[in-house]
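Data block below; observations after.
Protein chains: 2
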Amino acid sequence: MRILLHRADGNSGPWIEDFAAALPEAEVVVWQEGTQQPQCDYAVLWQPPEAMLPALQQVKAIFSTGAGVDGIMKFIGRLPDVPIVRLADVGMAIQMAEYAAHATLRYYRRFDEYETQQRAGVWQQLAQHRREDFTVGVLGMGVLGARVVEAMRHFGFPLRAWNRSRKTVDGVRSFAGRAELDAFLAGTRVLVCMLPLTAETTDLLDHGTLSKLPRGAYVINVARGAQIVEEDLLALVRSGHIAGATLDVFRTEPLPAGHPFWSEPRITVTPHISALTLRTESIVQMADKMRTLERNEPVADVVDRTRGY
Amino acid sequence: MRILLHRADGNSGPWIEDFAAALPEAEVVVWQEGTQQPQCDYAVLWQPPEAMLPALQQVKAIFSTGAGVDGIMKFIGRLPDVPIVRLADVGMAIQMAEYAAHATLRYYRRFDEYETQQRAGVWQQLAQHRREDFTVGVLGMGVLGARVVEAMRHFGFPLRAWNRSRKTVDGVRSFAGRAELDAFLAGTRVLVCMLPLTAETTDLLDHGTLSKLPRGAYVINVARGAQIVEEDLLALVRSGHIAGATLDVFRTEPLPAGHPFWSEPRITVTPHISALTLRTESIVQMADKMRTLERNEPVADVVDRTRGY
């Protein structure tokens, strides 16, 4: 068995070692542009360069090393009709829960304002927000979103979620489809965006939809930058309608120097770290699925090409 | 029935209104220095001034409006032999859990470092700490500490606690007494101080004990400032042995202008807000206990004068 590996960061060594341990029968071929390479059975990648497409024509399945597959789906018309396999949760959900809980508690308990006071040497107790006013709304509650909801439930915040279709999760008010998006937003104080990036979710959060959030709402984005129209969010933060945002993803990454998000005090920027892939655990999961495919059995987490994730 | 009320902040109006609603048969007398006032049945206070002691000689019980009673116990030799009643948890435990979880996640996920990077316009992913290296140790795990432990458990951190006597809480390694303090500290990465202030806990965290924490440990104090020798903590933070601290309480409050904690970037200062008393709920609880005492029945949460809390 041969595995074609692409790592954008060029650091393939630890991946080769972990595949050798998890799947000793496989040979790992690191993809190189412009080189004739042996035919491979499986591809392992996240954001493949266009030049890699010819090498993907003969594989039996494509494995994404991330939960999101938008970097692969943008080439969907030029990919062979083989399974595209997402990474199921391997420690990513709890990381996202940590990220969202930290940002929510920080805004709810006004810790950012207390830090500003500290820098000015001010000792002043601020009025506490009320828990019942802090409804957390998850946009796109899948496996990862469900774990975020659990963390928010632990702290007693009212909960709601918006999805393509109705979801039944205890204590979470479910909104479904575009027809219910405005109502979902109108009652959301802390918006956590966890949507997959598809044609329908691109630019979903623009001036029109973000304005539906109540005054004083807070935005957390751990999904993809292209779901938010950045200048619209910035304008609403500067006007005071939106109180602030914690953003882990951006339309261009790394966030370009001079981008206004860097210096806006009400916007917190992190460098796409909300949920890092745990390499070893991911490779064990992929190796297991490759063995299943070798037995001609179906595997879980195959992308639905129609809905795009 | 008459209730003698003392509020350090002078804002007695809402307390009088809430007592009128919860216990209409009671008359609330606001204590005033140097004035002849009617004899009262119960005293409601937190940090009484020394001049109030004569007025307390005739009451049937003293109610603390906070969880900690050190402000009362310092006068214990001059108080009548009546029950001193602590406030049981009225929404304080979850607030402390929020406070401790926010500070712990902030250090664990390096969000403070990412904010420093943002101010410098730097996009750089930092190595993640390992969950198994982040043992959270609660000093003084009572009712409030047990709730903090639950929040830490939700995020999967290893757990330990130190108390006067052995505690049995699922998944929490218990250490008891001075003989086991060093061992407790040696394995604690995030120390959460929740001790009552007594003669034994005053100055407990000095250079000797804080040095027992492993290099890179983090200190959170939501108990009382006098438990930490502030210059010792500062020296260990500046030397790098302790990575930082989030402190809600101080030896002198408000924290004096010019105190080095204000400007030390590795120390976060908040103005004693980790758990604010919820007035209305507290008054309902006190009114209920006063009615119980009027029936000559025993009440819960009476201070043990020997141990001091």
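Here the protein sequences line up with chains U and P, keeping their order. All residue numbers for the first sequence refer to our numbering, where the first residue is 12 and numbers rise by one. All residue numbers for the second sequence refer to our numbering, where the first residue is 12 and numbers rise by one. Glycine included, C-beta positions come from ideal geometry on N, C-alpha and C.
Practice prompt. Please name the residue, chosen from U:134, U:168, U:299, U:247, that lies closest to residue 258 of chain P on a Cα-to-Cα basis.
Written response: Nearest option by C-alpha distance: U:134.
(Q) So the candidates are P:127, P:48, P:149, P:120; which of them puts its Cα closest to the Cα of residue 276 of chain U? (A) Checking every option, the nearest Cα to that of residue 276 of chain U belongs to P:127.
For residue 133 of chain P, does the three-state DSSP call read helix, strand or coil?
Coil, per DSSP.
Problem - Three-state class that DSSP yields for residue 98 of chain P in the structure shown - result: Here DSSP, grouped into helix, strand and coil, assigns residue 98 of chain P to coil.
- Query: Who are the neighbours of residue 280 of chain U on chain P, taking C-beta pairs under 7 Å?
  - Reply: Chain order gives the chain P residues near residue 280 of chain U as 129, where near means a beta carbon separation below 7 Å.
* Taking the continuous alpha helix (DSSP H) assigned at residue 110 of chain U, which residues delimit it? -> Counting along the chain, the unbroken alpha helix (DSSP H) around residue 110 of chain U starts and ends at 103 to 119.
### Task
Please determine, among U:210, U:171, U:215, the residue with the shortest C-alpha to C-alpha distance to residue 201 of chain U.
Check the Cα spacing between residue 201 of chain U and each of U:210, U:171, U:215: the tightest is with U:171.
message: Tell me the DSSP secondary structure of residue 275 of chain P in three-state form.
response: Coil.
Note to self: I'd like to know if residue 19 of chain P contacts chain U, where contact means its C-beta is closer than 9 Å to some C-beta of that chain.
What the structure shows: By this cut-off, residue 19 of chain P is not an interface position.
Item to check | residue 27 of chain U versus residue 17 of chain U - alpha carbon distance | outcome: About 11 Å.
Counting only the same chain and skipping the five closest in sequence on each side, list residues whose C-beta sits under 6 Å from that of residue 99 of chain P.
If we look at residue 99 of chain P and ignore the five residues flanking it on each side, its Cβ neighbours are 312.
Please confirm whether residue 145 of chain P has its beta-carbon closer than 9 Å to some beta-carbon of chain U. No, its Cβ sits nowhere closer than 9 Å to a Cβ of chain U.
* Asked: What span of residues does the alpha helix (DSSP H) with residue 24 of chain U cover, start to end?
  -> Looking at the DSSP string, the run of the alpha helix (DSSP H) that includes residue 24 of chain U is 24 to 33.
Among residues of its own chain, excluding the 5 on either side of residue 121 of chain U, which ones have a beta-carbon nearer than 6 Å to its beta-carbon?
-> 137, listed in sequence order.
**Message:** Between the stretch 215 to 225 of chain P and the stretch 233 to 251 of chain P, can you find at least three pairs of beta-carbon atoms closer than 8 Å?
**Reply:** Touching, yes, given that three or more Cβ pairs across the two stretches are closer than 8 Å.
Checklist line | residue 27 of chain U at chain P interface by Cβ criterion, 9 Å | finding: Judged by the 9 Å Cβ criterion, residue 27 of chain U is not in contact with chain P.
Partners in chain P for residue 122 of chain U, counting only beta-carbon separations shorter than 7 Å
The contacting residues are 113.
Below 9 Å between beta carbons is the criterion; list the residues of the stretch 144 to 178 of chain P that meet it against any residue of chain U, in chain order.
-> Answer in chain order: 161, 162, 165, 166, 167.
- Tell me whether residue 75 of chain U is buried or exposed, calling it buried when 16 or more other Cβ atoms sit within 10 Å of its Cβ. Buried is the call here.
**Prompt:** Can you find a CB in chain U that lies within less than 9 Å of the CB of residue 273 of chain P?
**Reply:** At least one beta carbon of chain U lies nearer than 9 Å to the beta carbon of residue 273 of chain P.
Fill in: Chain-ordered neighbours of residue 109 of chain P on chain U, where CB pairs are closer than 7 Å
Here the neighbours are 116, 120, 166.
What in chain P is Cβ-close to residue 132 of chain U, meaning under 7 Å? Identification of chain P residues near residue 132 of chain U by a Cβ-Cβ cut-off of 7 Å yields 268, 273, ordered along the chain.
| Could you give the distance in angstroms between the alpha-carbon of residue 93 of chain U and the alpha-carbon of residue 79 of chain U? | When rounded, the distance between both Cα atoms is 18 Å.
Checklist entry - To which residues of the same chain is residue 290 of chain U closer than 7 Å at the C-beta, ignoring the five residues directly before and after it? => result Closer than 7 Å at the Cβ level, and outside the excluded window around residue 290 of chain U, lie 25, 26, 29.
So which of P:212, P:166, P:203, P:238 has the shortest CA-CA distance to residue 228 of chain P?
In terms of Cα proximity to residue 228 of chain P, the closest of P:212, P:166, P:203, P:238 is P:203.
Could you tell me whether the stretch 101 to 109 of chain U touches the stretch 153 to 167 of chain U, using the rule of 3 or more Cβ pairs below 8 Å? Taking a contact to require three or more Cβ pairs closer than 8 Å, the stretch 101 to 109 of chain U and the stretch 153 to 167 of chain U qualify as touching.
- prompt: Do the CB positions of residue 56 of chain U and residue 87 of chain U come within less than 9 Å of each other?
  reply: No; because the gap between Cβ atoms is not below 9 Å, this pair is not in contact.
Practice item. On a CA-only basis, which of P:34, P:40, P:212 is nearest residue 81 of chain P? Give me that one, please. Key: Here the closest residue by C-alpha is P:212.
Taking Cβ positions, are residue 73 of chain U and residue 40 of chain U nearer each other than 9 Å? For residue 73 of chain U and residue 40 of chain U, no; Cβs fall outside 9 Å.
### Query
Does any CB atom of chain U fall closer than 9 Å to the CB of residue 241 of chain P?
Not one chain U Cβ lies under 9 Å of residue 241 of chain P.
How is residue 16 of chain P classed by DSSP in three states: helix, strand or coil? Per DSSP, reduced to three states, the secondary structure at residue 16 of chain P is strand.
Locate the alpha helix (DSSP H) running through residue 39 of chain U, then write down its first and last residues.
Premise fails: residue 39 of chain U lies in the beta strand (DSSP E), 38 to 41, not in any alpha helix (DSSP H).
Fill in: Simplified DSSP state of residue 318 of chain P, which is helix, strand or coil
DSSP places residue 318 of chain P in coil when its eight states are reduced to three.
| query | Under 9 Å Cβ-Cβ, which residues of chain P neighbour residue 43 of chain U? | reply | Chain P residues near residue 43 of chain U: none, gap ~25 Å exceeds 9 Å.
- According to the neighbour-count rule (16 or more other Cβ atoms, all chains shown, within 10 Å of its Cβ), is residue 189 of chain U buried or exposed? Exposed, by the Cβ-count rule.
Checklist entry - Around the Cβ of residue 31 of chain U, are there at least 16 other Cβ atoms within 10 angstroms (buried) or fewer (exposed)? => result Residue 31 of chain U should be labelled exposed.
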